[in-house]
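Undergrad:
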Amino acid sequence: GEDVEQSLFLSVREGDSSVINCTYTDSSSTYLYWYKQEPGAGLQLLTYIFSNMDMKQDQRLTVLLNKKDKHLSLRIADTQTGDSAIYFCADLMDTGRRALTFGSGTRLQVQP
Amino acid sequence: DSGVTQTPKHLITATGQRVTLRCSPRSGDLSVYWYQQSLDQGLQFLIQYYNGEERAKGNILERFSAQQFPDLHSELNLSSLELGDSALYFCASSVGTSGNTGELFFGEGSRLTVL
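Chain order of the listed sequences is A and B.
With my numbering, the residue at position 74 of the first sequence is 74, and numbering never jumps.
With my numbering, the residue at position 69 of the second sequence is 181, and numbering never jumps.
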């Protein structure tokens, strides 16, 4: 079945760039998303990319999509302590159900 | 504030009991989704409703059921509770069920602890 995988943990120093990676299995994915979950809160959409795009930039966030390898990444430039959170990638299939499938989440820890 | 409201925020109950979690979607959103977040299973899709009708089903146990009412709020019923049902249950809503960007707006979750 459909699967979305992420590494569980990433630690960076404040001011460095963070790169969070995700792989997915379904080639019919139309949109891919990055959500952020802060402690005690729900998930908040950070950004998304349509499957016919390779890259999307939004301020400090850069999303790269390699559709051939089914690989998605989120780069956070100049990472701040406020960026510490769990980051989830998710995809939306073109067929079947319209609910998002989420990865297990990557916990980003930013060291001051 | 996403505009999605979930109650209760915290719930502690015993094994074998039944609980109901409530969700009010964002104003104007017709779709409601329920997700379960546990430490070992990540974020699992349970079920989706669109305008009162069940639209998609994920990894929802037979002991669990849900419905969406005419005013579009939704309830998730969990019965014969087991220790392993302890988790954070999220409700999310979206404008529709097809087209658009599929963005989901999440509530803050209901944390269920089964003792």
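For glycine and all other residues, C-beta sits at the position ideal for the given N, C-alpha and C.
#1: Using a 10 Å radius around the Cβ and a threshold of 16 neighbouring Cβ atoms, would you call A:V19 buried or exposed?
#2: Kindly identify the DSSP beta-bridge partner or partners of B:K169.
#3: Between A:D58 and A:T47, what straight-line distance do the alpha-carbon atoms span, to the nearest angstrom?
#4: Determine the extent of the beta strand (DSSP E) in which A:K36 is found, giving its start and end residues.
#5: Could you tell me the distance, in whole angstroms, from the CA atom of B:C135 to the CA atom of B:A178?
#6: Compare the C-alpha of A:D113 against each of A:K70, A:H71, A:F102 and A:R60 and name the closest.
#7: Give the residues of chain B in contact with A:T101, contact being defined as C-beta atoms less than 8 Å apart.
#8: Can you find a CB in chain A that lies within less than 8 Å of the CB of B:A168?
#9: Could you name the residues that DSSP lists as bridge partners for A:R107?
#10: Given A:S11, which residues of its chain have a CB within under 7 Å of its CB, disregarding the five upstream and five downstream residues?
#11: When the distance is taken between beta carbons, is B:F217 closer than 8 Å to B:G154?
#12: Please classify B:T127: does DSSP put it in a helix, a strand, or coil?
#13: Cβ of B:L123 less than 8 Å from any chain A Cβ?
#14: Figure out for me which residue from B:S192, B:E194 and B:E166 has the closest Cα to the Cα of B:P182.
#15: In its own chain, which residues sit with a C-beta less than 6 Å from the C-beta of A:I49, not counting the 5 before and 5 after it?
#16: Quick one: residues in its chain with C-beta nearer than 6 Å to the C-beta of B:V207, no 5 flanking neighbours on either side, listed in chain order?
#17: Determine the chain B residues that contact A:G105 at a beta-carbon separation under 8 Å, and present them in chain order.
#18: Residues in the region 213-226 of chain B with C-beta within 7 Å of chain A's C-beta atoms, listed in sequence order?
#19: Starting from B:A178, trace the beta strand (DSSP E) in both directions and tell me its first and last residue.
TA: If we stick to the structure as given:
#1: exposed
#2: Residue pairing by DSSP places B:K169 opposite B:I159 in a beta bridge.
#3: 8 Å
#4: S29 to Q37
#5: 11 Å
#6: With chain A covering 1 to 112 only, the question about residue 113 of chain A has no answer from this structure.
#7: F157
#8: yes
#9: A:F9 and A:I86
#10: Q109 and Q111
#11: Contact flag unset, no.
#12: coil
#13: Taking Cβ atoms only, chain A never reaches closer than 8 Å to B:L123, which makes this a no.
#14: B:E166
#15: L32, K56, V63 and L65
#16: D141
#17: G154 and L155
#18: For the region 213-226 of chain B, which is checked against every Cβ of chain A, the residues closer than 7 Å are T213, G214, E215, L216, F218, G219, E220 and G221.
#19: F176 to Q180
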